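Student: Using the working numbering, you'd call the opening residue of the sequence shown number 30 and step up by one each time.
Input: one structure, supplied below.
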Amino acid sequence: MKKEKYNIGITGATGLVGREFIEILEERNFPVKEIYLFASENSFGETVAFKGKDYIVDALKEDSFKKKNIDIVLSSPGGSVSAKFSPLAAKEGAVVIDNTSYFRMDENIPLVVPEVNPEDIKYYSNKNIIANPNCSTIQMLVPLKPIHDRYKIKRILVSTYQSTSGAGKKAMDELFYQTTGVINAKNGIYPEKFPVQIAFNCIPQIDVFADEGYTKEEIKMLKETQKIMHDKNIGVSATAVRVPVFFSHGESVNIETEKTFDIKDIKKLLSEAKGVKLIDDALNDNPDERYPYQTNVAGKDEVFVGRIRKDFSVANGMNLWIVADNVRKGAALNAVQIAEILIQKYL
Ligand code: NAP
30 MKKEKYNIGI
40 TGATGLVGRE
50 FIEILEERNF
60 PVKEIYLFAS
70 ENSFGETVAF
80 KGKDYIVDAL
90 KEDSFKKKNI
100 DIVLSSPGGS
110 VSAKFSPLAA
120 KEGAVVIDNT
130 SYFRMDENIP
140 LVVPEVNPED
150 IKYYSNKNII
160 ANPNCSTIQM
170 LVPLKPIHDR
180 YKIKRILVST
190 YQSTSGAGKK
200 AMDELFYQTT
210 GVINAKNGIY
220 PEKFPVQIAF
230 NCIPQIDVFA
240 DEGYTKEEIK
250 MLKETQKIMH
260 DKNIGVSATA
270 VRVPVFFSHG
280 ESVNIETEKT
290 FDIKDIKKLL
300 SEAKGVKLID
310 DALNDNPDER
320 YPYQTNVAGK
330 DEVFVGRIRK
340 DFSVANGMNL
350 WIVADNVRKG
360 AALNAVQIAE
370 ILIQKYL
């Protein structure tokens with residue numbers, strides 16, 4: 030018999046993504062029976078409010094998931110912690126929706142954006158784990174999928190403008206303290222979370238350098254796109270840049286399609302696409318109606334698209350500007366949407 034309510038576990042519950050999980054579960058009235066919160070030992074005993082009640086955060090340990098009958102674990106404690114603890118939760122019978130990069134390229138683990146490949150959720154039972162894609166990949170694919178379905182995308186060139194929240198709560202603090210430090214002419218603007226000063230700066234490096242001059246973040250955008258779209262032939266060349274913004278990532282995206290298109294039809298397609306909000310009226314008196322921008326998109330659910338125009342330098346080329354809240358659609362909301370499908374169809 031179908032359950033009415035579900036036991037939910039959250040790992041990394043005190044982090045940016047973890048706190049957003051809790052907010053979104055409450056906002057969307059997810060049918061929660063009991064909620065179990067876990068973080069590092071540093072947060073042991075802290076309380077986090079959910080639906081008007083305070084819950085105590087426990088330190089994540091090997092036996093954390095035992096004898097609790099947890100149905101779903103929303104996991105975001107960082108890759109190396111997930112590597113150890115997500116399989117332990119799965120072994121105890123929970124379905125883990127993991128936000129870290131650790132499981133994304135495992136061929137037996139589905140990598141899911143609900144607007145793009147919801148049908149892959151059924152493979153959760155392979156390992157009782159579903160991976161949530163990288164924030165930059167999620168927001169890029171939500172609007173590109175309907176274009177790909179109709180016009181077949183051959184290649185994607187993307188430059189990202191990624192906010193500091195994408196690197197966690199300490200990274201946001203670093204932007205804040207460096208900014209006030211520079212304004213107050215203080216000495217000692219030492220970078221810790223970022224390779225160089227982030228205040229008043231743009232850094233063309235996210236994650237470490239890997240192959241052929243690309244960073245890991247850039248390679249993730251290629252590999253995850255091909256896995257989610259089930260198309261090894263889509264080319265993606267990314268340049269990932271960190272910008273001094275607190276929330277929301279922007280992406281300047283250029284695509285080339287196989288079939289010819291009319292820009293009017295693209296705009297119509299995107300205005301009707303699930304999870305997409307089109308703001309594309311360059312001459313509107315109201316700046317908020319001209320194009321999406323980061324401070325206006327923070328806290329919202331949709332992926333926003335604007336500045337759609339033809340690229341006249343190639344046949345069938347197009348430019349788009351894509352913005353989304355990386356902590357919401359880029360992480361916590363995407364995971365909760367997966368959980369909603371799981372309980373509707375499978376649990
Ligand atoms: P964050 O703000 O730094 O939070 C990290 C969380 O993990 C905190 O709750 C922390 O607990 C917990 N944690 C750290 N070490 C732990 C340990 N040894 N055992 C148990 N818990 C531990 O980071 P975040 O931004 O929420 O990101 C978390 C994960 O989600 C990362 O893997 C990240 O790549 C991924 N992600 C983030 C975003 C984003 O936009 N931020 C988007 C997509 C995916 P304490 O508070 O006790 O230290």
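Yeah, the Cβ is synthetic: ideal placement off N, Cα and C, and Gly gets one too.
What you are looking at is a predicted structure, and each value in this text was computed from that prediction instead of being measured.
Please tell me whether ILE378 and LEU170 are closer than 8 angstroms, where the distance is taken between their beta carbons.
Tutor: Residue 378 falls outside the range modelled here, since the chain spans only 30 to 376, and no answer is possible.
Student: Measuring alpha carbon to alpha carbon, tell me which of LYS339, VAL332, ILE367 ends up nearest ALA353.
Tutor: On the sequence shown, position 324 is the one that residue 353 refers to. Taking only the C-alpha atoms, the option nearest ALA353 is VAL332.
Student: Quick check on ASN348: does DSSP put it in helix, strand or coil?
Tutor: Locating residue 348 in the sequence shown gives position 319, counting from the first residue. ASN348: strand per DSSP, three-state reduction.
Student: Following a CB-centred definition, is CYS164 positioned closer than 7 angstroms to any heavy atom of the ligand NAP?
Tutor: Numbered from its first residue, the sequence shown carries residue 164 at position 135. Yes, Cβ of CYS164 sits closer than 7 angstroms to a heavy atom of the ligand NAP.
Student: Leaving out the 5 sequence neighbours to the left and right, which residues in its chain are closer than 6 angstroms to ILE284 when beta-carbon positions are compared?
Tutor: Residue numbering aside, residue 284 sits at position 255 when the sequence shown is read from its first letter. Excluding residues within five positions, the ones whose Cβ falls inside 6 angstroms are ILE182, ILE185, MET347.
Student: Note down the Cα distance separating TRP350 from GLU91, rounded to an integer number of angstroms.
Tutor: Counting from 1 along the sequence shown, the entry for residue 350 is found at position 321. Counting from 1 along the sequence shown, the entry for residue 91 is found at position 62. If I take the Cα positions, the gap works out to 44 angstroms.
Student: The beta strand (DSSP E) that contains GLY335, what's its start and end?
Tutor: Working through the sequence shown from its first residue, we reach residue 335 at position 306. Start and end: 332-340.
Student: Express the C-alpha separation of ILE85 and LYS329 in angstroms, rounding to a whole number.
Tutor: For the purposes of this step, residue 329 is taken as the residue at position 300 of the sequence shown. For the purposes of this step, residue 85 is taken as the residue at position 56 of the sequence shown. Cα to Cα, LYS329 sits roughly 28 angstroms from ILE85.
Student: If we call anything under 8 angstroms between Cβ atoms a contact, is VAL141 one with ASP135?
Tutor: Residue numbering aside, residue 141 sits at position 112 when the sequence shown is read from its first letter. Residue numbering aside, residue 135 sits at position 106 when the sequence shown is read from its first letter. Not a contact, by the Cβ cut-off of 8 angstroms.
Student: Below 8 angstroms, how does it come out for the region 65-76 and the region 36-52: are there three or more Cβ pairs, yes or no?
Tutor: Segments in contact, yes.
Student: So, does the region 269-277 touch the region 187-200, judging by three or more C-beta pairs under 8 angstroms?
Tutor: A contact exists between the region 269-277 and the region 187-200.
Student: List, from N- to C-terminal side, the alpha helix (DSSP H) runs of 4 residues or more that fit wholly inside the region 238-320.
Tutor: Listed in chain order, they are 245-258, 292-301.
Student: Is the beta carbon of GLU70 less than 8 angstroms from the beta carbon of ALA88?
Tutor: Reading the sequence shown from its first residue, position 41 is the one you call residue 70. Reading the sequence shown from its first residue, position 59 is the one you call residue 88. Going by C-beta atoms, GLU70 is nearer than 8 angstroms to ALA88.
Student: Given the structure, does PHE67 come close to the ligand NAP, in the sense that its CB is under 7 angstroms from one of the ligand's heavy atoms?
Tutor: As a position in the sequence shown, residue 67 is number 38, starting the count at 1. True, at least one ligand heavy atom lies under 7 angstroms from that Cβ.
Student: Do you know how far the Cα of PHE50 is from the Cα of VAL56?
Tutor: What you label residue 56 is simply residue 27 of the sequence shown in a count that begins at 1. What you label residue 50 is simply residue 21 of the sequence shown in a count that begins at 1. Looking at the sequence shown, residue 56 is not Val but Glu. C-alpha separation (whole angstroms): 10 angstroms.
Student: Would you call TYR153 buried or exposed, if buried means 16 or more other Cβ atoms sit within 10 Å of its Cβ?
Tutor: Here residue 153 is taken as the residue at index 124 of the sequence shown, counted from 1. TYR153 comes out buried.
Student: Of all the options THR244, GLY197, VAL145, THR268, which has the alpha carbon lying nearest to the alpha carbon of GLY304?
Tutor: Position 275 of the sequence shown, counted from the first residue, corresponds to residue 304. Nearest of THR244, GLY197, VAL145, THR268 to GLY304, Cα basis: VAL145.
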